[in-house]
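Visitor: Residue numbers (this note's numbering): 6 to 307.
Beta carbons: idealized from backbone N, C-alpha and C, even for Gly.
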């Protein structure tokens, strides 16, 4: 007998079995297909990889199939993971750069979120805590619109962070993500000397300034920052706080608008100032645009 016959016979048998596998069994392989979603904020990338189970006619998943007190990965099959290339905060809790499996302990009230550095885990059996986990609590919205397929997304973002949202059935969980800004909080006087001065400024119609007007905007150096005196309307109304301009690294002449309180930056917007220069490198003016890329102001240096 040919010594390869048993191998060939086994292979043929496997092929036949594959052909006669019921279609329902094949379909079950893809009941919770894998998906991923990613968001990059100021050089920090957050990536979520997860399986996406669907309701398929089931109701009251939480407190039912996903029973209370159960340590559940928000997904199916292999545990959902979050991977970040830089340190972040998640709902104010520090999370070092790395990759983690995500687990949640579901309750009628608040849920405990668990990030486990052991990221390659199957969803059963329930993992045991060993002290290396990162934990915090969230309050789910129990009145959310019905979501048929489990979904992660990033519905909002800013220069300083984003929001991670989980939706499934009638539950919605949002978690604020804070990132480390690459914008320098202090500049030297030499760095910004050429921007200091007075600019004849046209303010165009915008939510903050519904009526266009003109005025002289002054920029000056103070407390290690470039500061501007800005008006929000023609009657002289200014910002509730001082406004500083923080230069965006590796982008000469481009600044983002930041709000100061007690001399400290507490919020950076996506309102961009772009300066213009003459052939000698001297500042001639600027144009300011909103985060929706609408023209907001235009200034000519006096």
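Would you give the residue range spanned by the alpha helix (DSSP H) that residue 174 belongs to?
Guide: Position 169 of the chain shown, counted from the start, is the residue given in the question as residue 174. That residue, residue 174, is in no alpha helix (DSSP H); its beta strand (DSSP E) goes 166 to 174.
Visitor: Pick out the complete beta strand (DSSP E) segments inside the segment 176 to 227, 3 residues or longer, and give them in chain order.
Guide: Within the segment 176 to 227, the complete beta strand (DSSP E) runs of at least 3 residues are 176 to 184, 202 to 208, 218 to 227.
Visitor: First and last residue of the beta strand (DSSP E) that includes residue 109?
Guide: As a working note, residue 109 is residue 104 in the chain shown. Its beta strand (DSSP E) spans residues 103 to 110.
Visitor: In chain order, what residues of the same chain lie with their CB nearer than 7 Å to the CB of residue 147, ignoring the 5 residues before and after it?
Guide: Counting from one through the chain shown, the residue named residue 147 turns up at place 142. Counting only Cβ-Cβ distances below 7 Å, and skipping sequence neighbours, we find 175, 176.
Visitor: Three or more C-beta pairs under 8 Å: does that hold for the segment 120 to 127 against the segment 159 to 175?
Guide: At 8 Å Cβ cutoff, the stretches do not touch.
Visitor: Would you call the CB atoms of residue 291 and residue 282 closer than 8 Å?
Guide: Taking the first residue of the chain shown as 1, we reach residue 291 at position 286. Taking the first residue of the chain shown as 1, we reach residue 282 at position 277. For residue 291 and residue 282, no; Cβs fall outside 8 Å.
Visitor: Taking one C-beta from the segment 205 to 212 and one from the segment 296 to 303 each time, how about it: are there three or more such pairs within less than 8 Å?
Guide: With a cut-off of 8 Å, the segment 296 to 303 and the segment 205 to 212 count as touching, because enough Cβ pairs lie within range.
Visitor: Could you tell me the distance, in whole angstroms, from the CA atom of residue 129 to the CA atom of residue 83?
Guide: Residue numbering aside, residue 129 sits at position 124 when the chain shown is read from its first letter. Residue numbering aside, residue 83 sits at position 78 when the chain shown is read from its first letter. Going from the Cα of residue 129 to the Cα of residue 83 covers about 9 Å.
Visitor: Hey, how far is the Cα of residue 150 from the Cα of residue 172?
Guide: Position 145 of the chain shown, counting from 1, holds the residue named residue 150. Position 167 of the chain shown, counting from 1, holds the residue named residue 172. The straight-line gap from Cα to Cα measures roughly 9 Å.
Visitor: Would you be able to state if there are at least three C-beta pairs under 8 Å between the segment 104 to 114 and the segment 63 to 79?
Guide: Touching, per the Cβ criterion.
Visitor: Out of 42, 43, 40, 48, which has the shortest C-alpha to C-alpha gap to residue 184?
Guide: Translated into the one-based positions of the chain shown, residue 184 becomes position 179. The shortest C-alpha separation from residue 184 is found at 48.
Visitor: Evaluate residue 137 with the Cβ neighbour count: other Cβ atoms within 10 Å of its Cβ, from every protein chain shown; 16 or more gives buried, anything less gives exposed.
Guide: Reading the chain shown from its first residue, position 132 is the one you call residue 137. By the 10 Å Cβ count, residue 137 comes out exposed.
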